[in-house]
Amino acid sequence: MAQFSDEMRHVFDVHRLVFRIGELASMTQVSARQLRYWEKKQLIKSREREGEQARVYTFGTFVQVSMIKYYLDNGYTLTAAAAKAQERDSRAKLLRRFIFKGLRGFAEMDGQVAINMGAFDDQQTLMALVPEEGTVTYRLVPNAEARRLTQDLPD
DNA sequence: ATTCTAACA
DNA sequence: TGTTAGGA
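Take any residue in the first sequence, count from 1 to its spot, add 33: that is its number in my numbering.
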């Protein structure tokens, strides 16, 4: 069993899932022309291979392009679609932080238990105020204040 | 075979 | 945005 895991580990390493422009184009139904154009508009990124000139895209970019394509197909302009995709990505990252470490940070705000949900942006942290009964509310506080208020739970 | 940039019948 | 030229 351990041997299977060792041998198959590389299969699940997303860092190995990189694509060239033709592959990404067929995967997402977004033309190579569009991919180059979107990159020029700073909507997506590609990294260069050492010694090569051909673009290399990561799995994350594949997801990003897929999202932009989705919103594009639903009537959004390119710029708006990219913004939507970025927003979705931010929410996903926030949710992931919450799932993996959000429950470790607790604080008390206004006499209520609050969960530190992680950095919302460069300056603010999202706190979820959880009353004993009723609706959970959310508040953005400066990162420094969130750090001061939050008490990490022991492992 | 595939990708690159620049340019447009 | 598509497509094509001309080079790597």
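We put the beta carbon where it would ideally sit given N, CA and C, even for glycine.
Keep in mind that this is a model prediction, so the values were computed, not measured.
Check whether A152 and T183 have beta carbons under 8 angstroms apart: Locating residue 152 in the first sequence gives position 119, where the first residue counts as 1. Locating residue 183 in the first sequence gives position 150, where the first residue counts as 1. Not closer than 8 angstroms, so no.
Start-to-end residues for the beta strand (DSSP E) that takes in L50: Residue numbering aside, residue 50 sits at position 17 when the first sequence is read from its first letter. Neither: L50 is in no beta strand (DSSP E) and is coded neither H nor E.
Minimum length 3: unbroken beta strand (DSSP E) runs contained in the segment 126–159: Entirely contained in the segment 126–159, the beta strand (DSSP E) runs reaching 3 residues are, in chain order, 138–142 and 145–152.
Bridge partner(s) assigned by DSSP for E81: Locating residue 81 in the first sequence gives position 48, where the first residue counts as 1. Answer by DSSP bridge pairing, in chain order: R88.
8 angstroms Cβ cutoff met for S99 and Y90: Position 66 of the first sequence holds residue 99. Position 57 of the first sequence holds residue 90. Going by C-beta atoms, S99 is not nearer than 8 angstroms to Y90.
Residue range of the unbroken beta strand (DSSP E) whose run includes Y171: Numbered from its first residue, the first sequence carries residue 171 at position 138. Its beta strand (DSSP E) spans residues T170 to P175.
Which of helix, strand or coil DSSP assigns to V63: Your numbering for residue 63 matches position 30 in the first sequence. The answer is coil: DSSP assigns V63 none of H, G, I, E or B.
Cβ neighbour criterion (16 or more within 10 Å) applied to V146: What you label residue 146 is simply residue 113 of the first sequence in a count that begins at 1. Classification of V146: exposed, given that the 10 Å Cβ count is below 16.
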